[in-house]
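Residue numbers (the numbering used here), protein chains in the order written: chain U, 13 to 340; chain Z, 849 to 1040.
Backbone N, C-alpha and C define an ideal beta-carbon position, used for all residues, glycine too.
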């Protein structure tokens, strides 16, 4: 028996046949919908409807956040399809952009390294309270008989011949020629280079000389002095050119030949100009950076001690010769 | 004989509403087909309309559309209007249409999805949300319809096979429907 008045097919069922088709509900919903649509279109982003939407968005934010969190690991999968279906123009454009970014990356890497080197120089200048000017190495030696580099600062920048040049890790050399906008720096390893130096731990003084082979040799150190491999060699400040205490290198070999008055000491320099681009030219020394009277006295004492040892050695040799002549 | 458990139907509707709400807010924004996004409000209203129909289906469609409007940037009432009408159409002929008839269910829902998406996006075109009718139809309406149909498949399978089978072996749901072939025959007669 049909119980519905909505024009449905007759049924013997008991369950749903009492329900209407929802025509009245449809009319009501459509009217409300159109009213809401009209009001929403007219009011735009203001009014109670916008406030209701805003409140709904706020309430449902945790669910959206949850969905975003769960979906984030899989979000890249969509790019696979996009990449596979990308046309040639898109790929070419991306390739060009990639090249530009790669070049830019190299440029930024260079800038970062330069900044790091300059920071090292600044740290050095602050640590030693150096009166200095920064310069850039612009070329190496143009001949085969000197070990020099050129820097981009000259007399117009206050750089003059004789001024010491240092890098962050240690002394580089000394300005030997200065033009208005460039200067030539003789490196430590040059054959004609000679710097007053001392062993940092034992305060033994000597002269650090370059050589044709590029090795640094610490001379004028007597065989009675204590020098060990690994000792640090720094500038002594004697001569008034280099500030006292700048690092020069590290002792790598100490030999004492029979009958020799001096130790044969080889030093590995800390600085390698070929690996530096920025240096500091020390333009003047403060009073504290120069050797003190005690340093000079110690150097004289060490020199006198060496002379005495040589004299004794000479006396012994003369007596031995006389004995030989006598026996003959 | 059909035996309806209204409390069970209501519980099922509430659970379905919550599931679809969560999917609409959490899944739909993160899973797209081009510009298309799945419309779980349509899925919910279609399920209710095909299961219960009548006033309940229309009201469910209206409320689902209203929630969809609130969660989107579209003018309020537009999707509510679309889903009210589609729910009315889907629930016109008989109740529990999904039970045991997956093909017919999918066909009906596909038609509803295409219709709702087209009307919605054309309305958006008219209110100036988009500029090109081709964009509105090809790049927005069709992907949305297709994606919604795809996401409706598990729901249709559940209601047509799993839930119907559970009712048939002694569950509290409606029983005694006309078998799998009847709805398909009606679908053919109506020319859809």
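- request: Report yes if the CB atom of residue 201 of chain U is closer than 7 Å to the CB atom of residue 159 of chain U, and no otherwise.
  value: If you number the first chain from 1, residue 201 of chain U lands on position 189. If you number the first chain from 1, residue 159 of chain U lands on position 147. Yes, they are a contact pair.
field: Under 9 Å by beta carbon: chain Z residues contacting residue 80 of chain U
entry: The residue you call residue 80 of chain U lines up with position 68 of the first chain. Within 9 Å Cβ-Cβ: 874, 877 and 878.
task: Since I believe residue 916 of chain Z is in contact with residue 887 of chain Z (beta carbons under 8 Å), could you give me their beta-carbon distance rounded to a whole number of angstroms?
output: The count along the second chain starts at 1 and reaches residue 887 of chain Z at position 39. The count along the second chain starts at 1 and reaches residue 916 of chain Z at position 68. Confirmed, Cβ separation roughly 7 Å.
- prompt: Who are residue 221 of chain U's beta bridge partners in DSSP?
  reply: Numbered from 1 along the first chain, position 209 holds the residue referred to as residue 221 of chain U. U/206 and U/229, per the DSSP bridge assignment.
message: Do residue 38 of chain U and residue 892 of chain Z count as a contact pair if the criterion is CB distance below 7 Å?
response: Taking the second chain and counting its residues from 1, one reaches residue 892 of chain Z at position 44. Taking the first chain and counting its residues from 1, one reaches residue 38 of chain U at position 26. Result no, Cβ atoms of residue 892 of chain Z and residue 38 of chain U do not sit closer than 7 Å.
message: Please tell me whether residue 981 of chain Z and residue 973 of chain Z are closer than 7 Å, where the distance is taken between their beta carbons.
response: Residue mapping note: residue 981 of chain Z aligns to position 133 of the second chain, counting from 1. Residue mapping note: residue 973 of chain Z aligns to position 125 of the second chain, counting from 1. A distance below 7 Å separates the beta carbons of residue 981 of chain Z and residue 973 of chain Z.
- prompt: Do residue 221 of chain U and the ligand PLP come close, with the Cβ less than 6 Å from some heavy atom?
  reply: Inclusion of the ligand PLP in the displayed structure is not the case, the ligand content being empty and no account of it being possible.
message: I'd like to know whether the C-beta of residue 991 of chain Z is nearer than 7 Å to at least one C-beta of chain U.
response: Walking along the second chain from the start, residue 991 of chain Z turns up at place 143. So, not an interface residue.
- request: Whole angstroms is fine: what's the gap from residue 961 of chain Z's alpha carbon to residue 58 of chain U's?
  value: Counting from one through the second chain, the residue named residue 961 of chain Z turns up at place 113. Counting from one through the first chain, the residue named residue 58 of chain U turns up at place 46. Those two C-alpha atoms are separated by around 31 Å.
field: Among U/209, U/109 and U/81, nearest to residue 341 of chain U - alpha-carbon criterion
entry: The structure shown does not extend to residue 341 of chain U, since chain U is modelled only from 13 through 340, so no value can be given for it.
field: Length of the line joining the Cα atoms of residue 162 of chain U and residue 283 of chain U
entry: Stepping through the first chain from its first residue, residue 162 of chain U is reached at position 150. Stepping through the first chain from its first residue, residue 283 of chain U is reached at position 271. For the pair residue 162 of chain U and residue 283 of chain U, the Cα-to-Cα distance works out to about 16 Å.
task: Just confirm the distance between the C-beta atoms of residue 78 of chain U and residue 924 of chain Z, as a whole number of angstroms; I'd bet it's less than 8 Å.
output: Against the first chain, residue 78 of chain U aligns to sequence position 66. Against the second chain, residue 924 of chain Z aligns to sequence position 76. Rounded, the Cβ-Cβ distance is 25 Å, inconsistent with contact.
query: Quick one: is residue 330 of chain U buried, meaning 16 or more other Cβ sit within 10 Å of its Cβ, or exposed?
result: Within the first chain, residue 330 of chain U is the residue found at index 318, counting from 1. With a pLDDT of 48 at residue 330 of chain U, under the threshold of 50, the modelled position of this residue cannot be trusted; read the value that follows with caution. By the neighbour-count rule (16 or more Cβ atoms within 10 Å), residue 330 of chain U is not buried but exposed.
field: Positions along the stretch 34-52 of chain U whose CB lies within less than 9 Å of some CB in chain Z
entry: Of all residues in the stretch 34-52 of chain U, those with a C-beta nearer than 9 Å to a C-beta of chain Z are 34, 35, 36, 37, 38, 40, 41, 42, 44, 45, 46, 47, 48, 49, 50, 51 and 52, reading in chain order.
- prompt: Between which two residues does the beta strand (DSSP E) harbouring residue 149 of chain U extend?
  reply: Locating residue 149 of chain U in the first chain gives position 137, where the first residue counts as 1. Membership of residue 149 of chain U in the beta strand (DSSP E) is indicated by the continuous run 143-151.
field: residue 929 of chain Z: contacting residues in chain U (beta-carbon distance under 7 Å)
entry: The residue given as residue 929 of chain Z occupies position 81 in the second chain. Against chain U, a Cβ distance below 7 Å from residue 929 of chain Z picks out 42, 45, 46 and 49.
- prompt: Taking 7 Å as the CB-CB cut-off, is residue 888 of chain Z touching chain U?
  reply: Here residue 888 of chain Z is taken as the residue at index 40 of the second chain, counted from 1. Any Cβ of chain U closer than 7 Å to the Cβ of residue 888 of chain Z would place that residue at the interface, and such an atom is absent.
query: How would you label residue 255 of chain U, buried or exposed, when you count the other beta carbons within 10 angstroms and need 16 or more for buried?
result: For the purposes of this step, residue 255 of chain U is taken as residue 243 along the first chain, with counting starting at 1. Classification for residue 255 of chain U: buried.
- prompt: chain U beta carbons: is any one of them nearer than 7 Å to that of residue 924 of chain Z?
  reply: Residue mapping note: residue 924 of chain Z aligns to position 76 of the second chain, counting from 1. So, interface residue.
message: If I follow the unbroken alpha helix (DSSP H) through residue 237 of chain U, where does it start and stop?
response: Counting from one through the first chain, the residue named residue 237 of chain U turns up at place 225. Boundaries for residue 237 of chain U: no alpha helix (DSSP H) harbours it, and the DSSP string shows neither H nor E there.
- prompt: Do we get a CB-CB distance below 7 Å when we pair residue 940 of chain Z with the residues of chain C?
  reply: The structure shown has no chain C; the protein chains it does contain are U and Z.
task: Would you tell me roughly how many angstroms separate the C-alpha atoms of residue 53 of chain U and residue 976 of chain Z, rounded to the nearest one?
output: The residue given as residue 53 of chain U occupies position 41 in the first chain. The residue given as residue 976 of chain Z occupies position 128 in the second chain. Each residue's Cα considered, the two are about 11 Å apart.
field: Three-way DSSP call (helix, strand, coil) for residue 128 of chain U in this model
entry: Working through the first chain from its first residue, we reach residue 128 of chain U at position 116. DSSP places residue 128 of chain U within a helical segment (H, G or I) once states are collapsed to three.
- request: Give the straight-line distance between the Cα atoms of residue 868 of chain Z and residue 979 of chain Z, rounded to the nearest whole angstrom.
  value: By 1-based counting over the second chain, the position of residue 868 of chain Z is 20. By 1-based counting over the second chain, the position of residue 979 of chain Z is 131. Between residue 868 of chain Z and residue 979 of chain Z, the C-alpha separation is close to 31 Å.
- request: Could you check if residue 997 of chain Z is buried or exposed, using at least 16 other CB atoms within 10 Å of its CB as the buried criterion?
  value: Here residue 997 of chain Z corresponds to residue number 149 of the second chain, with the count starting at 1. By the neighbour-count criterion, in which 16 or more other beta carbons inside 10 Å mark a residue as buried, residue 997 of chain Z falls on the buried side.
message: Could you check whether residue 197 of chain U and residue 187 of chain U sit closer than 7 Å to each other, using their CB atoms as the reference points?
response: The residue given as residue 187 of chain U occupies position 175 in the first chain. The residue given as residue 197 of chain U occupies position 185 in the first chain. For residue 187 of chain U and residue 197 of chain U, yes; Cβs fall inside 7 Å.
- prompt: Measuring CA to CA, which of U/181, U/279 and U/248 is closest to residue 1 of chain U?
  reply: Any question about residue 1 of chain U goes unanswered here, given that chain U covers just 13 to 340.
query: For the 8 Å Cβ check, are there 3 or more pairs between the stretch 307-316 of chain U and the stretch 203-217 of chain U?
result: Remark: three or more beta-carbon pairs, one from each stretch, lie closer than 8 Å, so the stretch 307-316 of chain U and the stretch 203-217 of chain U are flagged as touching.
task: Would you decide whether residue 103 of chain U is buried or exposed? Buried here means 16 or more other CB atoms lie within 10 Å of its CB.
output: If you number the first chain from 1, residue 103 of chain U lands on position 91. Answer is exposed; the Cβ neighbour count stays below 16.
message: Quick check: residue 905 of chain Z and residue 939 of chain Z, are their CB atoms within less than 7 Å of each other?
response: Here residue 905 of chain Z is taken as the residue at index 57 of the second chain, counted from 1. Here residue 939 of chain Z is taken as the residue at index 91 of the second chain, counted from 1. Cβ distance < 7 Å, so residue 905 of chain Z and residue 939 of chain Z count as in contact.
query: Considering only residues of the stretch 251-309 of chain U, which uninterrupted beta strand (DSSP E) runs meet the minimum length of 3 residues and lie entirely inside it, listed in chain order?
result: Here the runs fully enclosed are 259-267, 276-281 and 290-296.
query: At least one CB of chain U closer than 7 Å to the CB of residue 860 of chain Z: is that the case?
result: The sequence position of residue 860 of chain Z within the second chain is 12, counting from 1. Residue contact check for residue 860 of chain Z against chain U: no CB pair falls below 7 Å.
- request: In angstroms with no decimal places, state the Cα-to-Cα distance between residue 856 of chain Z and residue 907 of chain Z.
  value: Position 8 of the second chain, counted from the first residue, corresponds to residue 856 of chain Z. Position 59 of the second chain, counted from the first residue, corresponds to residue 907 of chain Z. Taking the straight line from one Cα to the other gives about 18 Å.
message: Any C-beta of chain Z within less than 8 Å: which residues of the stretch 64-80 of chain U qualify?
response: Answer set for the stretch 64-80 of chain U: 64, 65, 68, 69, 72, 75, 76, 78, 79 and 80.
field: Interface partners of residue 932 of chain Z on chain U, CB under 7 Å
entry: Along the second chain, read from residue 1 onward, the residue named residue 932 of chain Z stands at position 84. The answer, in chain order, is 38, 41, 42 and 45.
- prompt: What three-state label does DSSP hand residue 923 of chain Z in the structure shown?
  reply: The residue labelled residue 923 of chain Z in the question sits at position 75 within the second chain. Of the three classes helix, strand and coil, the one that applies to residue 923 of chain Z here is coil, per DSSP.
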